[in-house]
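K.L.:
Just so you know, the protein sequences line up as chains A and B, in that order. Residues 442 to 1144 (the working numbering) are what the first sequence spells out, left to right. Residues 442 to 1144 (the working numbering) are what the second sequence spells out, left to right.
Protein chains: 2
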Amino acid sequence: MKIKPHDRARIVARLISPRSVAMIGASADFNKLNGRPLKHLIEKGYAGRVFPVNPKYKDIAGLACYPTIESLPEAADVAIVAVPAAEVIAAIEALGRRGVSAAVVYSSGFGETGAEGKALEARLVETAQRSGVLLCGPNCLGFVNAFDNLYATFSQYADGDVGAGPIAFVTQSGAFGTATAALIRQRGLGLGYFISTGNEADLAFSELMTAVVEDPRIRVAAGYLEGLDDGAALVRLALRCHELGKPLILTKVGRKASGQRAAASHTGALAVEDTVLDAVLRQYGMLRARNEEQMLDMLEALSQPRVAHGNGLGIATMSGGAGVMMADRADEVGLTVPELTSATRARIAEVMPAFGASANPVDVTGQFIANPALLRESVVAMMDDPNVHVGIVWLQLMAAHVEKLVGLFCEIRDRTTKPLFVCWTGAPAEAVRRLREEGITVFGAGERAVEAAAALVRAHADRARTLSRPLPAALPAAQLPAHVTYGVQASVQAADWLRAAGVPMASVSLARSADEAVAHWREACGPVALKIESPDITHKTEMGGVLLSLNSEMAIREGYRALMDGAARAMPAARIDGVIVQGMASGHVELVVGVQRSPVFGMVVMVGLGGILVEVLKDVVFRRAPFGVEEARDMLKELRATAILDGVRGKPGVDRGAVALMLSRLSQWAAGMEPLLAELDLNPVLVGPDSPIAVDCVMVLRN
Amino acid sequence: MKIKPHDRARIVARLISPRSVAMIGASADFNKLNGRPLKHLIEKGYAGRVFPVNPKYKDIAGLACYPTIESLPEAADVAIVAVPAAEVIAAIEALGRRGVSAAVVYSSGFGETGAEGKALEARLVETAQRSGVLLCGPNCLGFVNAFDNLYATFSQYADGDVGAGPIAFVTQSGAFGTATAALIRQRGLGLGYFISTGNEADLAFSELMTAVVEDPRIRVAAGYLEGLDDGAALVRLALRCHELGKPLILTKVGRKASGQRAAASHTGALAVEDTVLDAVLRQYGMLRARNEEQMLDMLEALSQPRVAHGNGLGIATMSGGAGVMMADRADEVGLTVPELTSATRARIAEVMPAFGASANPVDVTGQFIANPALLRESVVAMMDDPNVHVGIVWLQLMAAHVEKLVGLFCEIRDRTTKPLFVCWTGAPAEAVRRLREEGITVFGAGERAVEAAAALVRAHADRARTLSRPLPAALPAAQLPAHVTYGVQASVQAADWLRAAGVPMASVSLARSADEAVAHWREACGPVALKIESPDITHKTEMGGVLLSLNSEMAIREGYRALMDGAARAMPAARIDGVIVQGMASGHVELVVGVQRSPVFGMVVMVGLGGILVEVLKDVVFRRAPFGVEEARDMLKELRATAILDGVRGKPGVDRGAVALMLSRLSQWAAGMEPLLAELDLNPVLVGPDSPIAVDCVMVLRN
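Laid out in C-alpha cells, this is it:
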C-alpha cells in the first residue's frame, strides 16, 4: 500500500481539489473547531460529496453521518481528521484500509508539544506510509480551495466573505497565516488557495505549493515559512514557477539570533542559516517579503496581469515632496527614474501649466481637478515614454472628486499597456473600492508603491534570468583512492582533484625529506613556499608551519628541518606527512573561497574578499552549487566591496570572468562531491592580472 | 519699524495663537481658496475677532468686511494675505502701517516659479523687514491652532472633523503635509498645530516649530522637510525640545541622487548633504522618520504619555511566527528581547497551559479567549519583569471578542506603568476605535509596532544623553599672522595651530636648503620623511613629492635635491617653499580625519578608517562641531568596521579614548575657525599603542 513517489503529485492534486470529503470526528456544534469546517462545507457552496463521520450522530444538518470510517460509502478523495491526538493513528489506519489516500489532520498534540509528541508524530508518519495515506498536518488549520467553494478549515479566515482570486497562499503558521489571509481579503485581493501546513510531518510547504501553482487560475504564489527541511524541493518549485510565469513570494521568519531563539522554541524545524537562504532565493529568482505588509504589497503588484519589461519608473505627482521621496526609494530598490525623452517632454509641455515641472517625477500640481486633461494627457505621455516601464501616479485626499478621478485612471489605464499603479494617500474608502472594482492597483503610501513596482520589475527580470541560465551539471564525484581516510585530505590529493575539475590551484609537491624538497624546488625554477603537511594541522600559519619565498638549496634544507622540528615540538601528537613545496604565486587581490554544507540546501559555495573585509565586515556571498559563470559574476557584483575587483588605489582590475569561471567550476565539483565533502576552504585565492590561483586548500571529507 | 531679533519670538507666539485675524482678500465664495479659510474661521468656533478685508463686500456671512487694510478697526495679531502676487507687497506695506506685525501669505507666484518670482520674493522680504511685518510663506497653505479652533488655512485637512491633540506638525510641503495631517487624523491621533511654511521667505521651519513646542498641551513635534538653510536654528530647536521633554520627529526627503534632482526642481533650497544631516539628527537626538508612515507610527508611540526607561522589549503573542518576526526586527532596531527572570517565568507558568512557551516572546496561544486570565496574568507578569521596559501584545482578527479584549487590555494597562502597545493584525474597525478611545496605542503590523517601540526607547535615551553632555565651547580662532595668505596653509603653520589646540601632530620643520634639512634630521634623532612644501601641491605622494625613512646625511642631501628638482620639473609654475622634514611616526591603524564646511550646519568633523574602507566602502562618520569626547566615542562606534579599533588579525586594539579626545579637540578648534576655515584633511592619522598622530595635513583657509 505504500505510495510511490510518482503517485504523490497525483494524490496531492486530488487533495486540493477533491470530489468528496470525509470529515472524521465531525461535530454537530458548528461553533466547535470540528464543527466549523463542516458548516463551511455545507454552507459555502462546495459541490462535492461530504461525509461526516461520528458515531454520536445519525445526520448533521441534513447530511447523513457515518458511525465509522469503515462505513463510509466511498473512498473520499480527502479525509479531514479532527479527533483527539490519541485516536489519530487508528483513524489513519482505517482510512488506508478504506482506500482514502489523503488526510488533512487538524489534531494537535504531536511534534509541537515536546519529546513525547515527537515520538507520537514519528509513529503517525510511519503508520501513514504503511497505510498508503498522504498527510497534511498534523496541527494544521486545513485548507481552502475557493474556486471549488471548499473551505475545509477552522481558520477564522473562512468566517469572512469568500471569493476566489489569482493568489495561492501556503503557510506554516496557522495564526499568522490566518491573519495574512484576512489582510489579503481586506485589500480586495482574491485568494484562490489557502493551505495551513501545520507540522509538515509528511506533506511540506514546497510539495503542496507545487500542486496549487499548476492551477491555471493562479497567477502568483505566496508562502509564509518558519522552517525549511527540503531545499531541493523549494528550488524545484521555484523553477517550475518560472516555467509557468508565476512569481513566488516568500516570507521567512527567523532572520536574526534572537528571532532564531524564538523559532527554536516554536517549531521543530532546523534553523536555516538566513544568509544562505537569502542567497538561494536570489539565485533562483524568488521574491522575499520581509513581513506580511511587504508580502501584501507585492501581491497587490503581482496579481494584476501586466508585466514590467524594464526597470524605468515614471512618477506623476501632485506633490513635489512625494515625488522626491518616491524617487529616493526607487533608487534604493534598484529602479531608475529616467529622464523623459524630449518628445515626451514636448507632449507634457502642451498640457502642463507653466508652474509644473515636466521632468520625471512629473509634477502635475493640484490644478488637474479643474482641468482633467492635464493629468490624463501628461500621464499617458509619461507612460508612452520608451524609458518608462512602470508608472505610479501619486495623489492625496480629493474626497469630492472620486468619480472623476476613477474615470480618469480608467482612461489612462486603457491607453497604455504598461503597468500603472495609483498611490492615493488618505484616499476616501470609496475611491479605493472603486479603483479595485476597475482592476486598478492602488496603494496608500508612496514608498510602498515604489517597492511594489520594484517587485514587479524583479519578478520579470528574475524569470528571464533564471530561464536563460541553464543549470550546469554536477561533475561526477572524484574517484576516491582505495585507502582514503576521511577528515582533512592531503594537500597534493586535494589539489589534484580540484585541478582536474578546472579549479586553478598552485602546484604542490610533497617532500618526505630535505633532498626531495630540494628536488621539488629545482623543478619549480624559482622561489617556493614550504608548508608543514599534516592532517592534524589545518591552521599552518598560526603554528609557524609556513615559510615563504625560499630560493636556495641551503634555505630549503634549513627550512625543511625547521618546519619538521617545529611541528614535532609544537604538536608532538600530530601525524606529519612531510613538507609541501609550492611555487610562489602572486596577485594583488586576495579572495576567500569556500564550500559549506547547508543542512537545507546542500553544497553552498562562498566567495569573499580576503583580509579585514571578510573578518570584520563579513562581506561574503553564497550560492547553491552547481551554478554557471553568469551566476558567479553576480556573486562578485553582490560583494559590498566589489569595486576592489575593478582596481583601487592605483592597482589594476582583475579578470572577473576568470574568477567567475573558477567559482562555477568549483560549484560543479562541489555538487558532485555532495555525498562526500564536509567542507572546503581555499584561502587565500590570489588574483592578479592573470587567472586566479588558490594557494592554500583545506579539504575535509566525511564518511 | 524693523523687528528686533528678540521681538521675533514674541510675535511668532502671537501669530500662532492670535486674538484677532484679518483676512486680506477674503472672498464671500466659501469654495474658493480665499473663501474657505474665512468659512473655517467663522464656523469652527474660533473665539477671536475676524476682520475680512475686501472692497467688494460690505459684509460676509454676517461679519463686517473692511474695504482696505487702513480701515481695519484694530491692528490684528495676524493677517492672512490671499491677494494676487502682484498686490502682496503693497498689502504688506499697508499692514505695517496699520501696526500688524505678522502676516501669513498664501499667494503663490514667488520663488517657486523661477528667476522673476525669486526677485519678487526678495523685494517682498525687503518690504516686510522695512515694514516691521514677520512673514509666514508666501506660497503656503496657512496654519491651524486646534486648541483655539483656529483653522486659518485652505488645506483640505481643515475640511474634515476637527479636534485638538498633543501633536504639532510643521511642513514645508503643502500637498504632502496635508496628506500627512489627514493620515494623523485617520489614525485618531490629535493634531494641536498644523503649519504650512511655504517658501520660508522669512519665518522658516525651526523658528515656527520653536514657538509651537512651547505650548504645554503639545507632547510631540513632527516636521516634514524638503530643504534646510539654518542648521543652527534646527539644533537650537532640538535642544529646546529636550529641555521640554518633547521628542522631535523629522522626515526629510532628498536622500539620494535622483531624489535630489527632483528636489532641486521643486524648491529653491540648497540640497543638504544627506549623510551630514543624518549625523546631525543623531548627534542632537532628533528622530528621523524615513517616510510618512514611519512618522505616523512614531507619533502613535510618542503621543501616549508613558516613557520607556530602557531598551528591553517584552512580546506576548498568539502566534509564534509573529513573535519570531517581531524579535527579529527588535534586534535590527536596537531593542533587546530579554530572557524573563525565573520569577516572571514562574508567574507565567502558573496561568499558562502546557503548550505555550513561557520564554520571551511569550506565546499565549489562542486559548485566552476561553480563559482571559491567561492573557491578562501572563502579560502583567511580563510587564512586571525588571528587564522589560516596553511591551507589545500581538493578536489577530477575533471579531467576536472585541469588547472582552478591549476590557482585558484596559485592565492590563492599569496594572502596569510601563508603555504597552497592542498590535492587532486584521483588527475589526470597532476594536481599533475602542482601543483608541481608551487611550491604548494600537498598531496593525508587528514590525511596525516594534519600530515604534524602538522610537519610544530612543526618544528617552536621546534626551538623557543629550542633556547629560554639555556642549564644549569652540576655541578662540587662531591668531592669523599679519602676512596670511588664504588658500593652502604652510605645513608648519597648520601643524602649530592644531598642536596648540590639542590635536597631536607629527613634528614638522621646513628646510629651505639641504643644510637646513640635515640640521632638522639631526634634531629628529632618527629616520625622517621629506616632503615637498608648496601651496600649489596638495597631492604630494602622487607627484613623487614624498620620501620616507631617510636616516643619513647623504640620503637627506640627495633627497632634498631630488624633491626640489622633481617639483621644478613636474610643476614648473608651482611656488616651492622648500622641503618639510618630519620624524617617522608609526601606528598599525590608519584613520582619515577631516573637517568640512556644510552650507547648512557649518563646520563638520569626519572620521573614517583609512585605505579601502574609506575609498571603496565610504565608511565614514560625521558630527557637527564642536562636540565632546563621549560624542566622539559614539562616532567611532558608528563606523561599520569599528571592530578594527579593537584589534584584528593579531594586532592590538587602539586607545579609543585618545582618538576620541583628538576628534573632540579638533572639533573645538574647527568651530572657532568657522569664519576662516574652508577645509582640513588629516590623512593619515596613525594610531598605535600610544596616542594617535596626524602625519599629513592639508589646511585651506578662506577669506
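Glycine included, C-beta positions come from ideal geometry on N, C-alpha and C.
Assuming Q735 of chain A is part of the alpha helix (DSSP H), what are its boundary residues?
P.N.:
From DSSP, the alpha helix (DSSP H) with Q735 of chain A extends over 733-743.
K.L.:
Which word fits G686 of chain A, buried or exposed, when buried means at least 16 other C-beta atoms lie within 10 angstroms of its C-beta?
P.N.:
Result: exposed.
K.L.:
I want to verify the contact list: residues of chain A whose CB lies under 7 Å from the CB of L1058 of chain B, in sequence order.
P.N.:
The contacting residues are R1081, A1082.
K.L.:
Consider the Cβ of G552 of chain B: report whether some Cβ of chain A lies at a distance smaller than 8 Å.
P.N.:
Not closer than 8 Å to any Cβ of chain A, the Cβ of G552 of chain B fails to qualify, so no.
K.L.:
In whole angstroms, what separates the C-alpha of A757 of chain A from that of E888 of chain A?
P.N.:
Cα to Cα, the separation comes out at about 14 Å.
K.L.:
Is the CB-CB distance between L456 of chain B and A467 of chain B below 8 Å?
P.N.:
It is not a contact, given that the beta carbons lie outside the stated cut-off.
K.L.:
What residues are listed by DSSP as bridge partners for M406 of chain B?
P.N.:
As displayed, chain B neither begins before 442 nor continues past 1144, which places residue 406 of chain B out of reach and without an answer.
K.L.:
Alpha carbon to alpha carbon, how far is A1112 of chain B from M946 of chain B?
P.N.:
The alpha-carbon atoms of A1112 of chain B and M946 of chain B are separated by roughly 19 Å.
K.L.:
Between which residues of its own chain and S1108 of chain B is the CB-CB distance below 6 Å, once the five residues before and five after are set aside?
P.N.:
The residues are V1046, A1066, P1067, F1068.
K.L.:
Within the same chain, show all residues whose beta-carbon is closer than 7 Å to that of A679 of chain A, passing over the 5 residues directly before and after it, in chain order.
P.N.:
Excluding sequence neighbours, A679 of chain A sits near L689, Y725, G726, M727.
K.L.:
Going by DSSP, name the residue or residues bridged to A463 of chain A.
P.N.:
A:F492, A:A520.
K.L.:
Between A475 of chain A and A523 of chain A, which are expected to be in contact by the criterion C-beta below 8 Å, what is the C-beta distance as a whole number of angstroms?
P.N.:
The question names Ala, but residue 475 of chain A is Asn in the sequence shown. Correct: roughly 4 Å between the Cβ atoms.
K.L.:
Is G762 of chain A close to chain B? Criterion is C-beta to C-beta, closer than 8 Å.
P.N.:
Answer yes: the Cβ-Cβ gap between G762 of chain A and chain B drops below 8 Å somewhere.
K.L.:
Could you tell me whether the Cβ of N580 of chain B comes closer than 8 Å to any Cβ of chain A?
P.N.:
Not an interface residue.
K.L.:
Can you grab the Cα-Cα spacing for the pair C506 of chain A / R628 of chain B, in whole Å?
P.N.:
Rounded to whole angstroms, C506 of chain A to R628 of chain B spans 50 Å at the Cα level.
K.L.:
From this set, A:G1052, A:K1092, A:V1057, A:S1105, which residue's C-alpha is nearest L1077 of chain A's C-alpha?
P.N.:
Cα-wise, what sits closest to L1077 of chain A is A:S1105.
K.L.:
For the 8 Å Cβ check, are there 3 or more pairs between the stretch 741-749 of chain B and the stretch 864-882 of chain B?
P.N.:
Verdict: yes, contact present.
K.L.:
Label D769 of chain B either buried or exposed according to how many other C-beta atoms from any shown protein chain fall within 10 Å of its C-beta, with 16 as the threshold for buried.
P.N.:
Buried, since its Cβ has 16 or more Cβ neighbours within 10 Å.
K.L.:
Under a Cβ-count criterion, where at least 16 other Cβ atoms within 10 Å of its own Cβ denotes burial, should N472 of chain A be classed as buried or exposed?
P.N.:
N472 of chain A should be labelled exposed.
K.L.:
Taking only beta-carbon atoms, is L1127 of chain A less than 8 Å away from chain B?
P.N.:
With 8 Å as the cut-off, L1127 of chain A does not count as an interface residue toward chain B.
K.L.:
For A517 of chain A and V462 of chain A, which I take to be in contact (beta-carbon distance under 8 Å), what is that distance rounded to the nearest angstrom?
P.N.:
6 Å between Cβ atoms; contact.
K.L.:
When the Cα of A814 of chain A is compared with those of A:V831, A:K845, A:A520, A:P1040, which residue comes out closest?
P.N.:
Minimum Cα distance to A814 of chain A is reached at A:K845.
K.L.:
Return the CA-CA distance between V873 of chain B and C864 of chain A, expressed in angstroms with no decimal places.
P.N.:
Each residue's Cα considered, the two are about 24 Å apart.
K.L.:
What residues in the stretch 615-637 of chain B have a beta carbon less than 7 Å from any beta carbon of chain A?
P.N.:
Within the stretch 615-637 of chain B, the qualifying residues are A616, F617, T619, A620, A623, L624, Q627.
K.L.:
Using 8 Å as the limit for Cβ to Cβ distance, is Y665 of chain B near chain A?
P.N.:
It does; some Cβ of chain A falls within 8 Å.
K.L.:
Look at the Cβ atom of E511 of chain A, then the Cβ atom of L630 of chain A, and state whether they are nearer than 8 Å.
P.N.:
No, these two residues do not count as a Cβ contact at 8 Å.
K.L.:
Residues of chain C with CB closer than 9 Å to the CB of R729 of chain A, please, in chain order.
P.N.:
Included in the structure are the protein chains A and B, with no chain C among them.
K.L.:
Is there at least one Cβ from chain A nearer than 8 Å to V721 of chain B's Cβ?
P.N.:
So, not an interface residue.
K.L.:
By the 10 Å Cβ neighbour count, where 16 or more other Cβ atoms means buried, how is K1092 of chain B classified, buried or exposed?
P.N.:
Exposed, since its Cβ has fewer than 16 Cβ neighbours within 10 Å.
K.L.:
Can you list the residues of chain B that E844 of chain A reaches, using a CB-CB cut of under 7 Å?
P.N.:
None at all; the shortest Cβ gap to chain B is about 17 Å.
K.L.:
Under 8 Å, Cβ to Cβ, is there at least one residue of chain A near A703 of chain B?
P.N.:
With a pLDDT of only 46 at A703 of chain B, under the threshold of 50, the placement of this residue in the model should not be trusted; the figure read from the coordinates follows. Closer than 8 Å: yes.
K.L.:
Within this structure, are the beta carbons of G867 of chain B and A488 of chain A separated by less than 8 Å?
P.N.:
For G867 of chain B and A488 of chain A, no; Cβs fall outside 8 Å.
K.L.:
Looking only at its own chain, which residues have a Cβ that is under 7 Å from the Cβ of V765 of chain B, when we skip the five neighbours before and after it?
P.N.:
Nothing listed; no residue qualifies.
K.L.:
Distance cutoff 8 Å, beta carbons only. Does G867 of chain A sit that close to anything in chain B?
P.N.:
G867 of chain A counts as touching chain B.
K.L.:
Taking C-alpha atoms, which residue in A:G555, A:A563, A:V546 lies nearest to G578 of chain A?
P.N.:
If we check each option's Cα against that of G578 of chain A, A:V546 comes out closest.
K.L.:
Which chain B residues sit within Cβ distance under 9 Å of L988 of chain A?
P.N.:
Neighbours of L988 of chain A on chain B: none; closest Cβ ~18 Å, over 9 Å.
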